[in-house]
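Those sequence lines, one after another, are chains A and B.
With our numbering, the residue at position 265 of the first sequence is 247, and numbering never jumps.
Start counting at 1 in the second sequence, then tack on 287, and there's your number in our numbering.
Heads up, the thing below is written out as structure tokens.
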Amino acid sequence: MANLEAKDKMSPWQLGLVITSGLLTARLLPTTTLLIRDAQQFGWLSSALAGLLFYFAAYLMIRLGQQFPEETIGEYVPRLVGKTLGFFIFLIFITIPLLNIINCGITITSLYSTFLFDQTPRVILLITLLLTVIYCTLQNWGTILRVIQILIIALPMLYMFYSLIWINFDLLNLLPLWPDNFTGILQPIPYHTDYYPGYEALLVLLPLASRGKISFARAVGWGFLVVTFMYVLGIIVLVGSLTVKTGAMVSTPVIYAMKSVELPGTFIERLENYMITLFFPVTYISMVISYFVVAEGCRKYFKCKDHRTFIPIFLPLIFFVSIFVDNPERHAILIKFSMFLAMFFSFIIIPLLLFLAWRMKGRTQRCPTE
Amino acid sequence: MPDRISNGNAANIALKIIAAGIGLCVFLLTTGCWDSKEIQDRNFVLVAAIDDADIVNKSEADKQKAVTQTFVQKQGTKEYMLSLQLLNLAKTEGKGGGPQAQRTFVFSNIGKSLFEMNRDILGQSSKSLYWEHLSAIVISEAAIKKQGLLPIIDFLRRDPEMRWRTKIFITPGEARAIAQYIPPNGEAGGRYLDGMLKNHKKNIHTAGAKTDIGFISQAIDNDADYAIPRLDYTDNVLKLGGLALFKNNTLVGYADEYITQGIRYIYGTERSAIISAKCPEHPDDEIVFELFKNDTKFIPHIEGDNIYFTLDITMRGNIGEINGIAKHDINDLAFLHRVEQAIAQTVSQNARDAWEFQQQLGIDIPNTKARLKGAHPFKWKSFEDRWDEIYPTIPLIVSVNVNIQGIGEHD
């Protein structure tokens, strides 16, 4: 139950909810093509393994955050690695959520301009989207949390709509059940940075969470479990209704599969439009969380009073990069860059920082006078 | 303290400016006042009919008309004629011509690219064309023989406006004539064609499941063979029946109603079928079985070097008709059992004939290749390269169990 009195604090469950709600975004739409192309019928297995791996990264971040309670990454990193390297790591850290905002913005505006507002220039859609994101991010954390708790309703609605593609499911499309290419299953795991984005927010949001009966790791773990289960089932039904070859040949398999659904006896048509509409709130949540994390992280790093100071600073960067990425080639480069940076941060930098934190703690315990 | 106040004010002002900006954008975008188009200002495409461009050479009048309909094309040759049946939403007050004539109208164009022809048709239309409600695609055999099916349907697969459950038909005659066809009930032609195919559940002589543009597109992606319903049109008579069979991009032949029925038995989509068999006691009489429920298992087997398929069908239904003059003791259980066996034998023979027909044509509509590969992925590799040689020799073992549950209301 949300504590409406404590405006800037949240419970471990709320932390889990925030991280979970930031994971599913429209970013996964183009990446699903790559996932099916490489993992074929076993995309679900690839997603399950990726879920485990990314949760492991989130767990390391929770452990790192717990070494420095009440502090964000920008505050303790300079103490661990020195000021220059600390600044560099902090820069990488804020680049990841910024890239999440840009990627989400590009995907959702492309989707809307293709399927819903084909006469509206993408730049207009982008400006509107960014303004709504900024408006929410300018609020205090308590208000943002409430907005997330309301908009999260769109997630089960979206999944319910998506489940309609079971109508076209054919087991033959999933066969063979035994993989003959295990590298094909492992290969697309890095692409899952588009399936599990934004958990880096833990490094800023942990100090905002109060300790409760349940540990942070368990609360976030439940969130990952739910999302992974959704992905696993989602990819099984997607391949079962589309076939591997078709899934790998269309630009957004999820939308394509939805377009193939016709509900007999109902007046509702073109179900994909409802689905695209529902993708807006779920992507919006992730963008808001990421923008807040950037602003709050900078506030702590630069020791300012208000996170709102930093919101206009990054706006031109987000806008111009989003506008610059206006063709598939540039988008592919951006996706790859985002993927490498997120993987590098989660699986190289974070374990190193955790190691340094443990070592520093060990030293402090051995030499309490230092 | 003054710092806090000024920060607070600045934040409030920023919030107000942003809120005003959002309001302005949202109102501009959502009221639709700058790019809105009323429904009656749109021309909805209901049927897209594609013919060979040579169709215009049939008569001098058509030739002259085509010169006006078409456009100057610098590249390639004029391969196809695209005829679009459009829904007439304008209010009509004229008395003559009948209501059907007012419901739809057809525009044609000649060229190579369907997209280009579609846009050039705007030279004949006062309103822009919308494909979201496309109900049927009719392609003539002559158009298919040009370069196959792929160049024709590429535009329909690529454009995000299209739907995937749109019905597609092949006609041995002229597709344009079908687009111009006015149904006897005055219904729009496209909706009429769509409805005809939706009756496939009760009409075993055609196939409507997995034959729309979405499923055909999937079959093409997977290098699988596929079937498209056949549509015949002669002297204002429109008839749906049989299938056009495709291997990759090429039309290899037609399946008549009997073979279509057999293919549906193999597929297990014969729900509500009407099956007629010879009476076991009076060979001149026919006993008709109305199927209510079926359960089909089509399973591949590999034993050593032997590959075979088994088809197990269980059917439940009623006696729908006894067509003959002889007296039948329909309440005699032994007689009913013999009728069940006769029906089972008919179904079994039909499935085998459809199987052999496909093997002779080298076509694989039930996708046996994928079934075999899926069920035996490791053994599949040993004969993957020889599949084209092996396929025509694979036997189908059919077992049909018929259960008559009712004999009709009046004997």
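Backbone N, C-alpha and C fix where the C-beta goes; we use that ideal spot for every residue, glycine too.
Contact list for Lys660 (chain B) against chain A, beta-carbon separation under 8 angstroms: Your numbering for residue 660 (chain B) matches position 373 in the second sequence. Residues of chain A whose Cβ lies closer than 8 angstroms to the Cβ of Lys660 (chain B) are, in chain order, Leu157 and Pro158.
Expressed to the nearest angstrom, what Euclidean distance is found between the alpha-carbon atoms of Leu437 (chain B) and Leu35 (chain A)? Here residue 437 (chain B) corresponds to residue number 150 of the second sequence, with the count starting at 1. Here residue 35 (chain A) corresponds to residue number 53 of the first sequence, with the count starting at 1. In this model, Leu437 (chain B) and Leu35 (chain A) are separated by some 42 angstroms (Cα to Cα).
By the 8 angstroms beta-carbon criterion, what residues does the segment 485 to 508 of chain B contribute toward chain A? Listed by position along the chain: Gly501, Ser504, Gln505 and Asp508.
Report, in whole angstroms, the separation of the C-beta atoms of Ala466 (chain B) and Ala641 (chain B), which I expect to be a contact under 8 angstroms. Translated into the one-based positions of the second sequence, residue 466 (chain B) becomes position 179. Translated into the one-based positions of the second sequence, residue 641 (chain B) becomes position 354. Distance from Ala466 (chain B) to Ala641 (chain B) at the Cβ level is roughly 31 angstroms; contact not present, criterion being Cβ atoms closer than 8 angstroms.
For Ala324 (chain A), I'd like the list of residues in its chain whose CB is within less than 6 angstroms of its CB, leaving aside the five on either flank, ordered along the chain. Your numbering for residue 324 (chain A) matches position 342 in the first sequence. Excluding positions up to five away in sequence, the list reads Ile78 and Thr175.
In three-state DSSP terms, what is Thr102 (chain A)? Counting from 1 along the first sequence, the entry for residue 102 (chain A) is found at position 120. Looking at Thr102 (chain A) - three-state DSSP - the assignment turns out to be coil, as it is neither helix nor strand.
Which of the three DSSP states, helix, strand or coil, is assigned to Leu108 (chain A)? One-based indexing of the first sequence puts residue 108 (chain A) at position 126. Helix, per DSSP.
For the 8 angstroms Cβ check, are there 3 or more pairs between the segment -7 to 6 of chain A and the segment 261 to 274 of chain A? At 8 angstroms Cβ cutoff, the stretches touch.
Who are the neighbours of Ala298 (chain B) on chain A, taking C-beta pairs under 8 angstroms? Counting from 1 along the second sequence, the entry for residue 298 (chain B) is found at position 11. Going along chain A in sequence order, the residues near Ala298 (chain B) (Cβ under 8 angstroms) are Leu120, Asp288 and Arg290.
With a threshold of 7 angstroms on Cβ separation, who are the neighbours of Phe296 (chain A) within its own chain once the five nearest residues in sequence on each side are excluded? Here residue 296 (chain A) corresponds to residue number 314 of the first sequence, with the count starting at 1. Correct list, in chain order: Leu80 and Val276.
Please report the straight-line C-alpha distance between Gly460 (chain B) and Ala531 (chain B), rounded to a whole angstrom. Numbered from 1 along the second sequence, position 173 holds the residue referred to as residue 460 (chain B). Numbered from 1 along the second sequence, position 244 holds the residue referred to as residue 531 (chain B). When rounded, the distance between both Cα atoms is 13 angstroms.
CB contact below 8 angstroms: Glu244 (chain A) versus chain B: Start at 1 with the first residue of the first sequence, and residue 244 (chain A) comes out as number 262. Chain B, which has a Cβ nearer than 8 angstroms to the Cβ of Glu244 (chain A), makes this yes.
Determine the direct distance from the alpha carbon of Ile424 (chain B) to that of Lys361 (chain B), and round the result to whole angstroms. Counting from one through the second sequence, the residue named residue 361 (chain B) turns up at place 74. Counting from one through the second sequence, the residue named residue 424 (chain B) turns up at place 137. Near 27 angstroms, if we compare the C-alpha coordinates of Ile424 (chain B) and Lys361 (chain B).
Where does Val129 (chain A) sit, in a helix, a strand or coil, going by DSSP? Walking along the first sequence from the start, residue 129 (chain A) turns up at place 147. Val129 (chain A) falls in the helix class under three-state DSSP.
Nearest chain A C-beta to Arg450 (chain B) closer than 8 angstroms, yes or no? Along the second sequence, read from residue 1 onward, the residue named residue 450 (chain B) stands at position 163. Yes, Arg450 (chain B) lies at the interface with chain A (some Cβ there is under 8 angstroms from its Cβ).
Under three-state DSSP, which class holds His588 (chain B)? Counting from 1 along the second sequence, the entry for residue 588 (chain B) is found at position 301. Here DSSP, grouped into helix, strand and coil, assigns His588 (chain B) to strand.
Close beta carbons around Thr114 (chain A), own chain, < 8 angstroms, minus the five adjacent residues each side: In the first sequence, counting from the first residue as 1, residue 114 (chain A) sits at position 132. Cβ within range, chain order: Tyr266.
Which of helix, strand or coil DSSP assigns to Met449 (chain B): Start at 1 with the first residue of the second sequence, and residue 449 (chain B) comes out as number 162. Met449 (chain B) sits in coil when the DSSP states are folded into three classes, being neither helix nor strand.
Suppose the cutoff is 7 angstroms on Cβ atoms and the five residues either side in sequence are ignored; what does the same chain contact list for Tyr37 (chain A) look like? Sequence index remark: in the first sequence, residue 37 (chain A) carries index 55 (1-based). The answer, listed in chain order, is Gly203 and Phe206.
From Ile332 (chain A) to Thr119 (chain A), what does the alpha carbon distance come to, in whole angstroms? In the first sequence, counting from the first residue as 1, residue 332 (chain A) sits at position 350. In the first sequence, counting from the first residue as 1, residue 119 (chain A) sits at position 137. Looking at the two C-alpha atoms, the distance is approximately 26 angstroms.
Just checking: is the beta-carbon of Cys566 (chain B) within a distance shorter than 8 angstroms of some beta-carbon in chain A? Residue numbering aside, residue 566 (chain B) sits at position 279 when the second sequence is read from its first letter. False, the Cβ-Cβ gap to chain A never drops below 8 angstroms.
At 9 angstroms on the CB atoms, spell out the chain D contacts of Ala514 (chain B), in chain order. Considering every chain present, this structure includes no chain D. Its protein chains are A and B.
Counting contacts by CB-CB distance shorter than 8 angstroms, is Gln387 (chain B) in contact with chain A? By 1-based counting over the second sequence, the position of residue 387 (chain B) is 100. The pLDDT assigned to Gln387 (chain B) is 45, lower than 50, so where the model puts this residue is not dependable; a value taken from the coordinates is nonetheless given after this. By this cut-off, Gln387 (chain B) is not an interface position.
Interface residues of chain A around Ala301 (chain B) at Cβ under 8 angstroms? Counted from its first residue, the second sequence places residue 301 (chain B) at position 14. Leu120, Arg290 and Pro294, listed in chain order.
At a cut of 8 angstroms, does the segment 447 to 456 of chain B reach the segment 492 to 499 of chain B through at least three beta carbon pairs? Contact annotation: the segment 447 to 456 of chain B touches the segment 492 to 499 of chain B, with at least three C-beta pairs closer than 8 angstroms.
Three-pair Cβ contact test at 8 angstroms for the segment 504 to 515 of chain B versus the segment 610 to 630 of chain B: Verdict: no, contact absent.
DSSP-derived helix/strand/coil call for Glu352 (chain A): Reading the first sequence from its first residue, position 370 is the one you call residue 352 (chain A). Caution is warranted here: a pLDDT of 46 is assigned to Glu352 (chain A), below 50, making its placement in the model unreliable, and the coordinate value is therefore given only provisionally. Glu352 (chain A) falls in the coil class under three-state DSSP.
Are the C-beta atoms of Ile304 (chain B) and some chain A residue less than 8 angstroms apart? As a working note, residue 304 (chain B) is residue 17 in the second sequence. False, the Cβ-Cβ gap to chain A never drops below 8 angstroms.
Ordered along the chain, which non-local residues of its own chain (more than five positions away) have a Cβ less than 7 angstroms from that of Leu107 (chain A)? Locating residue 107 (chain A) in the first sequence gives position 125, counting from the first residue. For Leu107 (chain A), where only same-chain residues beyond five positions count, the Cβ hits under 7 angstroms are Thr91, Tyr94, Ser95 and Phe99.
Taking C-beta to C-beta, are Gly398 (chain B) and Lys365 (chain B) nearer than 8 angstroms? Locating residue 398 (chain B) in the second sequence gives position 111, where the first residue counts as 1. Locating residue 365 (chain B) in the second sequence gives position 78, where the first residue counts as 1. Yes. Within cutoff.
With DSSP as the reference, label Ala423 (chain B) as helix, strand or coil. Locating residue 423 (chain B) in the second sequence gives position 136, where the first residue counts as 1. Assignment of Ala423 (chain B) by DSSP, reduced to helix, strand and coil, places it in the strand class.
With DSSP as the reference, label Val626 (chain B) as helix, strand or coil. As a first step, residue 626 (chain B) is located in the second sequence; it is residue number 339 there, counting from the start. The three-state reading of DSSP puts Val626 (chain B) in helix, counting H, G and I together.
Under three-state DSSP, which class holds Val685 (chain B)? Locating residue 685 (chain B) in the second sequence gives position 398, counting from the first residue. The answer is strand: DSSP assigns Val685 (chain B) an E or B state.
Taking the alpha-carbon positions, what's the Thr655 (chain B) to Phe596 (chain B) distance? Numbered from 1 along the second sequence, position 368 holds the residue referred to as residue 655 (chain B). Numbered from 1 along the second sequence, position 309 holds the residue referred to as residue 596 (chain B). Those two C-alpha atoms are separated by around 9 angstroms.
Would you mind reading off the limits of the beta strand (DSSP E) that contains Thr458 (chain B)? As a first step, residue 458 (chain B) must be located in the second sequence, where it is residue number 171. From DSSP, the beta strand (DSSP E) with Thr458 (chain B) extends over Lys454 to Thr458.
Determine whether the Cβ of Gly308 (chain B) lies closer than 8 angstroms to any Cβ atom of chain A. Reading the second sequence from its first residue, position 21 is the one you call residue 308 (chain B). Output row for Gly308 (chain B): interface = yes.
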